[in-house]
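Just below is one structure, and these are the notes that go with it.
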């Protein structure tokens, strides 16, 4: 039997296409296998590390030191995208934000934890955080000390914000090559009028309030006398509070402390430029110590060595906070907290900023939840859009009308629009160094006919009436149109002052006298009846629970927008002990993984993709990076 003939060999372009297809298939299979086995390897590592990690979580030993080393900004609410935060943690690059609630919660839990013997505070990587937030952390440290446990603070260098926190320690040490730099408060701004004049941009400012100076840089060459007067008053109040509290904590004379700060250029010569020795001489610190000296001191005080015998038995803040047990009562009636932090803008905004729709929706969701018996609105905002603030204020008013008491807790700043959203609460709490008030309103409009003229461009045409084309920026602003805008601003100010007067039970004239856009500290606001009591979030929550008659045992929960399932998984993974075990083994994702959201913006599209339906996009994905 004749064997079958082999198929004819393909030649030319067709053969090239076949070869290319086989090559693409091989590459495709190779990529799939690499991805599959890589994911399998990571999963196996996580499972292995998870066993060790769960054991590590269960075996927090007695006489452990809670090491608090806050890195980055101290915030009320994360503004870093959850996916970015998770990837940063998985790659070993800690996100540069610390939530105030997590820090205070860990300190309070450690005060009751018999396994924690003391706190070691390392504050020199804390970048910002207003005095009100630092005051809350300091109060938590004081509660820890009141439980009979010491707080030790050590740093290489301390600025005045970091020092304000470190001053709460029983023993404060700095490195011999470091020091303390306290300079006082200042408020300098850039002014753009000359630049705008050169560009030919006409800026039209409409405002009510003698002290409403937020937009002055666009119309003046320097700060107005009224602005300087107001700023000097509230900053002086903040600085007096700082000096008084630090002096009390360090057992110093306030006048002597103020003089030491102001006379730094003269006193530094006494130590030949040695800031650390100067801090010791002025009793700002208790001693000078290197990191090795610090470890030796802790060991001498009875803290056991770590497993390797090189350091001391310790647990870091992230690991300890992740292991704090739930109180198990989240489904019982209690107090809900809504955080309003950042600029106020219209629509839906991401966490770390306030949206007229999104923040109002959180308040509404808390109100409609049967578990909510009281609401605390935590405000840390300099203000923003008026209508967005009004949307939020209305939800606060509706919550009270529904029989749910509302208490506002002001953070670092709750001014202007931040006060607008606060004014209808049953009670308002502020820290002594909260920045609040600024009850005023302004609007800005710019036009560029002069700019166009410099370029040889003119605008001309016809309109059907005096208002038609009135807001065309290529045309000069008609004074009649300016009068319309000013009337709207006047009405907005009248509404603001009138609503505050009604909410605070005062006359319009009484509120107008302390409004005018003027800024106050929390203490100054209390003296003028703009807030009800000095205190932090803890005090506000207790007051809200009292108004709701919840007794002493009640759950507290944060009302927040829900995360997606994948985000929850990554954040939970990032907080898990298994990841920390992997990192201790030297296994971590490459640092570039944390940059994926920025490096590959097209991946962001997939986060909002709907399953089971075509997802059609009109996005060029051409953002420069």
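Numbering (this note's numbering), first residue to last: 1311 to 1935.
Every residue, glycine too, gets a C-beta built ideally from N, C-alpha and C.
Worksheet entry | For residue 1511: DSSP bridge partner residues | For residue 1511, which the question treats as bridged, DSSP gives no partner whatsoever.
Worksheet item: If you draw a straight line from the alpha carbon of residue 1734 to that of residue 1566, how long is it in whole angstroms?
Response: In a straight line, the C-alpha of residue 1734 is about 43 Å away from that of residue 1566.
Fill in: Beta-carbon proximity list for residue 1589, same chain, < 8 Å, skipping 5 on both sides
Hits under 8 Å: 1484, 1489, 1490, 1595.
Discussion item. Assuming the contact rule is C-beta atoms closer than 8 Å, residue 1654 and residue 1547 should be a hit. Round their C-beta distance to whole Å, please.
Written reply: With a Cβ gap of about 25 Å, residue 1654 and residue 1547 do not count as contacting.
Worksheet item: Beta-carbon separation of residue 1413 and residue 1464 under 8 Å?
Response: no
Worksheet item: Hey, how far is the Cα of residue 1302 from the Cα of residue 1699?
Response: The structure shown does not extend to residue 1302, since the chain is modelled only from 1311 to 1935, so the question has no answer here.
Worksheet item: For residue 1595, which of helix, strand or coil comes out of DSSP?
Response: Coil at residue 1595, not helix or strand.
Fill in: Cβ distance (whole Å) where residue 1719 is taken to contact residue 1688 below 8 Å
5 Å
Worksheet item: residue 1500: buried (16+ other C-beta within 10 angstroms of its C-beta) or exposed?
Response: exposed
Worksheet item: Which value, in whole angstroms, describes the spacing of the CA atoms of residue 1476 and residue 1382?
Response: C-alpha separation (whole angstroms): 16 Å.
Worksheet item: So, is residue 1521 buried or exposed, given that buried needs 16 or more other C-beta atoms within 10 angstroms?
Response: buried
Worksheet item: Per DSSP, what kind of secondary structure is residue 1732 in: helix, strand or coil?
Response: For residue 1732, the three-state secondary structure derived from DSSP is coil.
Fill in: DSSP-derived helix/strand/coil call for residue 1546
helix
Fill in: Three-state class that DSSP yields for residue 1770 in the structure shown
coil
Discussion item. Quick check: residue 1797 and residue 1686, are their CB atoms within less than 8 Å of each other?
Written reply: no
Worksheet item: Could you give the uninterrupted runs of the beta strand (DSSP E) lying entirely in the segment 1632-1661, keeping only those of 3 residues or more?
Response: The DSSP assignment places 1644-1651 as complete runs of the beta strand (DSSP E) inside the segment 1632-1661, in order along the chain (cut-off: 3 residues).
Discussion item. Let me make sure I understand the geometry here. Which of 1426, 1663, 1803 has the alpha-carbon closest to that of residue 1818?
Written reply: 1803
Worksheet item: So the beta strand (DSSP E) residue 1719 belongs to, where does it begin and stop?
Response: For residue 1719, the enclosing beta strand (DSSP E) begins and ends at 1716-1725.
Worksheet entry | Span of the alpha helix (DSSP H) around residue 1668 | First-last of the alpha helix (DSSP H) with residue 1668: 1666-1678.
Item to complete: Assess, as a yes-or-no matter, whether the segment 1513-1529 is touched by the segment 1735-1755 under the definition of 3 or more beta carbon pairs within less than 8 Å.
Response: yes
Fill in: Start-to-end residues for the beta strand (DSSP E) that takes in residue 1701
Where residue 1701 is concerned, there is no enclosing beta strand (DSSP E), although the alpha helix (DSSP H) it sits in stretches over 1696-1711.
Item to complete: Look at the alpha carbon of residue 1780 and the alpha carbon of residue 1675, and state the distance between them as a whole number of angstroms.
Response: Distance between the alpha carbons of residue 1780 and residue 1675: 41 Å.
Worksheet item: I think residue 1453 touches residue 1370, with their Cβ atoms under 8 Å apart; what is that distance to the nearest whole Å?
Response: Going by Cβ atoms, the distance from residue 1453 to residue 1370 rounds to 21 Å, so no, they are not a contact pair.
Worksheet item: What residue range is occupied by the uninterrupted alpha helix (DSSP H) comprising residue 1424?
Response: Where residue 1424 is concerned, there is no enclosing alpha helix (DSSP H), because DSSP gives it neither an H nor an E.
Fill in: Limits of the beta strand (DSSP E) - the one that residue 1682 falls within
1682-1691
Fill in: C-alpha distance - residue 1415 paired with residue 1636, whole-angstrom precision
The straight-line gap from Cα to Cα measures roughly 12 Å.
Item to complete: Name the two residues that bound the continuous beta strand (DSSP E) containing residue 1746.
Response: 1745-1747
Worksheet item: Between the C-alpha atoms of residue 1554 and residue 1472, what's the straight-line distance to the nearest angstrom?
Response: 16 Å
Discussion item. Measuring straight from C-alpha to C-alpha, what distance separates residue 1604 and residue 1418?
Written reply: CA-CA distance, residue 1604 to residue 1418, rounds to 24 Å.
Practice prompt. Let me know the alpha helix (DSSP H) ranges lying completely inside the segment 1430-1510, each 4 residues or longer, listed in chain order.
Written response: 1441-1456, 1470-1476, 1503-1509
Worksheet item: Which of the three DSSP states, helix, strand or coil, is assigned to residue 1831?
Response: Strand, per DSSP.
Practice prompt. Taking only the alpha-carbon atoms, compute the straight-line gap between residue 1366 and residue 1822 and give it to the nearest angstrom.
Written response: Unreliable positioning characterises residue 1366 in this predicted model, as indicated by a pLDDT of 45, which lies under 50. The coordinate reading is nonetheless provided below. Distance between the alpha carbons of residue 1366 and residue 1822: 60 Å.
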